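Each remark here refers to the structure printed beneath this line.
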Amino acid sequence: MKVTLIYPGITECGFNSLKGNEGSWMNHGLAILSSALKNKGHEVNLIDLRRVTGWKHFRQVVKDDAGEVVGITMMSVDYNAAVTAAEIVKEIKPVTKIFVGGPHPSICPEDLEDLQCIDYVVKGEGEVTFPKLVDDLVNGENPPKVVDGYRLEDLDECPWADRDLFSCPEAPFVPFLKAPFVTLIAGRGCQYNCNYCQPAERMMFGRKVRRRSVTNVVDELKRLYERYKFKSFMIHDDCLTEDREWVMEFCRQYQAEGFTQPFVAQSRADILCKNRDMVEALCQAGLRLFIIGFESGSDRVLKFLRKGCTRRQNLEAAQICRELGIKVWANYMLGLPTETNEEVLETLSMLEQIKPYHCSPAFYTPHPGSDLFEMGKEMDIHLITTHKSYRRNTYEPKIKGPDYKFLADVLAKSIALSDQTDPDLSPVQRLKIKCKAAAAKWPPLYRFLKYIRRKFVL
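Residue numbers (my numbering): 59 to 516.
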């Protein structure tokens, strides 16, 4: 069969938005599905909503190119775009069978079961289950509407992502990482229990963290170098460093193969504090940026979030990175449930000490499937009325309680703490920091600057 995969990720960047920034990144879930489908002999094509100019253009593409089966990935934030795409496909090609999968269908399948535009909902992982369901259709079978995806225990059995599916090259998101740039995923799941995330992650991937073998990952990097001669890359795993032995073996094999390309990974403060030698090994291998979820500078709030880290560890981890020359990308939240203004200022004072390479704030956003989301429902504090507001942004109130005018002031001060003296910051990057800090106090201007960024790739 001809299978058309649809990527609906336009809530943040909009239509016609593939212009060379981080919006160019491919969706690994769809790319792996493409490989799995092709391995079964199916023809696969992609409709990336970031490549079309609007719904009128999308209709024409569907008319010309949509196959007998359509698979749509769906995060909560892209629910509206995904459902609209499904409705249009059904309108133009009523006999087409439409599958949806991804985080939102896995966590909230009840939101989709009764929609006439959707034929099947796949929960969890799909690289085994989705091709089998397509085969069932070929054989005249009729699967149930909601299907649990089969979970591969050995991720080395999973095919590598089909990078030809997304024809736009991925682009680095910081100036010191050079193109060609690629991204990859080494593992699935997270062993930690933060209440703003869990148990949603476990609904998707199970309780056990599974990771591809080091050899499998390094072999893919070798293939990617043969094809693209990449000069930098990012490993997308939520927390690459939770398996110390894996990391140390990766550093050994990566260097043994002669790789020197710089890369980016994500970690937690407590792990870095307890494993300085592992951080040193990563730095020697080429790690140049750690994305760290500090979240808050208040020990009371960190405990409330079940984060498992302390303010002291946040500061110590940042200091270790600074001493080793690893830049810090700081993720943190403002406006959390139960958080006081004094505790918000603790986050600001922590960032003043860390002085990250880049400050990446968000107003706390309740996400379906998390314990904190359920707590917010019970407290009746949610202000989100449309799926697009599940964006990780800082220009709209998310819950009742926080003083968002006060938060806007703290937000502006925190953004300005990005290390603008860093020699790797380009003049454009320094200008962006100043503009974001100035605009943070006035949400309409903030949204306008994001629009300008999308249009002109600042």
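We put the CB at the ideal spot given by N, CA and C, even for glycine. If you're wondering where the values come from, they're calculated on a predicted model, not measured in any experiment.
Terminal residues of the alpha helix (DSSP H) in which residue i lies
{"i": "C309", "result": "302-314"}
{"i": "T142", "result": "137-150"}
{"i": "I165", "result": "161-165"}
{"i": "M292", "result": "M292 -> not in any alpha helix (DSSP H); beta strand (DSSP E) instead, spanning 290-293."}
{"i": "K121", "result": "113-123"}
{"i": "D169", "result": "Looking at the DSSP string, D169 is not in any alpha helix (DSSP H), and its letter there is neither H nor E."}
{"i": "Q174", "result": "Segment: none, Q174 is in no alpha helix (DSSP H) and carries neither H nor E."}
{"i": "N97", "result": "86-97"}
{"i": "E338", "result": "334-343"}
Under 8 angstroms between C-beta atoms of residue i and residue j
{"i": "P238", "j": "F317", "result": "no"}
{"i": "R346", "j": "F234", "result": "yes"}
{"i": "I439", "j": "K458", "result": "yes"}
{"i": "R260", "j": "G245", "result": "no"}
{"i": "F421", "j": "K456", "result": "yes"}
{"i": "F348", "j": "V386", "result": "yes"}
{"i": "K148", "j": "C175", "result": "yes"}
{"i": "M217", "j": "S93", "result": "Going by the sequence as given, residue 217 is Pro instead of Met. Taking 8 angstroms as the Cβ cut-off, P217 and S93 qualify as a contacting pair."}
{"i": "V102", "j": "V61", "result": "yes"}
{"i": "G366", "j": "Y250", "result": "yes"}
{"i": "D277", "j": "K96", "result": "no"}
{"i": "I150", "j": "V119", "result": "no"}
{"i": "Y448", "j": "S134", "result": "yes"}
{"i": "F308", "j": "G344", "result": "no"}
{"i": "F157", "j": "L191", "result": "yes"}
{"i": "I350", "j": "A323", "result": "no"}
{"i": "P56", "j": "A139", "result": "For residue 56 there is no data in the structure shown, the boundaries of the chain being 59 and 516."}
{"i": "P460", "j": "M433", "result": "no"}
{"i": "T188", "j": "T241", "result": "The sequence given here places Phe at residue 188; Thr does not occur at that position. No, Cβ-Cβ distance for F188 and T241 is not below 8 angstroms."}
{"i": "P481", "j": "T452", "result": "no"}
{"i": "M84", "j": "E300", "result": "no"}
{"i": "E183", "j": "K203", "result": "no"}
{"i": "D296", "j": "C252", "result": "no"}
{"i": "L403", "j": "L469", "result": "no"}
{"i": "L373", "j": "Y254", "result": "no"}
{"i": "P201", "j": "D194", "result": "yes"}
{"i": "C417", "j": "A375", "result": "no"}
{"i": "H294", "j": "I329", "result": "no"}
Residues that DSSP places opposite residue i in a beta bridge
{"i": "N103", "result": "T62"}
{"i": "T131", "result": "G159"}
{"i": "T241", "result": "M292"}
{"i": "C417", "result": "A388"}
Residue interval of the beta strand (DSSP E) (run including residue i)
{"i": "A323", "result": "321-325"}
{"i": "V153", "result": "Element bounds for V153: n/a, residue is neither H nor E."}
{"i": "K181", "result": "178-181"}
Chain D within 8 angstroms of residue i, Cβ atoms only
{"i": "A375", "result": "The displayed structure is made up of one protein chain only, and chain D is not part of it."}
For a minimum of 4 consecutive residues, which ranges assigned as the alpha helix (DSSP H) are wholly contained in the segment 186-239?
Those alpha helix (DSSP H) runs which fall completely within the segment 186-239 and span 4+ residues are 187-196.
Flag this pair as touching only if the segment 85-92 and the segment 116-133 have three or more C-beta atom pairs under 8 angstroms; answer yes or no.
A contact exists between the segment 85-92 and the segment 116-133.
My parser needs the alpha helix (DSSP H) runs of 4 or more residues fully inside the segment 385-415; what are they?
The qualifying runs are 399-412.
With a cut-off of 8 angstroms, do at least 3 Cβ pairs link the segment 104-112 to the segment 177-185?
Cβ pair count under 8 angstroms is below three, so no.
At 3 residues or longer, and completely inside the segment 345-377: list those beta strand (DSSP E) runs for me, N to C.
Whole beta strand (DSSP E) segments, 3+ residues: 345-353.
Where are the alpha helix (DSSP H) runs, 4 residues long or more, that stay fully inside the segment 457-492, in chain order?
Runs of the alpha helix (DSSP H) inside the segment 457-492: 462-473.
Entirely enclosed alpha helix (DSSP H) segments - the segment 247-271, minimum 4 residues:
Whole alpha helix (DSSP H) segments, 4+ residues: 258-263.
If we count Cβ pairs, one from each stretch, closer than 8 angstroms, do we get three or more for the segment 274-289 versus the segment 323-341?
Touching, no.
Would you be able to state if there are at least three C-beta pairs under 8 angstroms between the segment 141-148 and the segment 216-231?
Put simply, the segment 216-231 does not touch the segment 141-148. Fewer than three CB pairs are less than 8 angstroms apart.
Would you call the segment 425-434 and the segment 161-170 touching, i.e. three or more CB-CB distances under 8 angstroms?
Yes: the two stretches touch, three or more of their Cβ pairs being nearer than 8 angstroms.
Would you call the segment 346-362 and the segment 406-413 touching, i.e. three or more CB-CB distances under 8 angstroms?
Counting C-beta pairs with one atom in each stretch, the segment 346-362 and the segment 406-413 have three or more that are closer than 8 angstroms, which means they touch.
Start-end ranges of the alpha helix (DSSP H) lying completely within the segment 426-457, minimum 4 residues:
Runs of the alpha helix (DSSP H) lying entirely within the segment 426-457 and spanning at least 4 residues, in chain order: 429-437.
Below 8 angstroms, can you find three or more Cβ-Cβ pairs linking the segment 411-418 to the segment 367-382?
The answer is yes - the segment 367-382 touches the segment 411-418, with three or more Cβ pairs under 8 angstroms.
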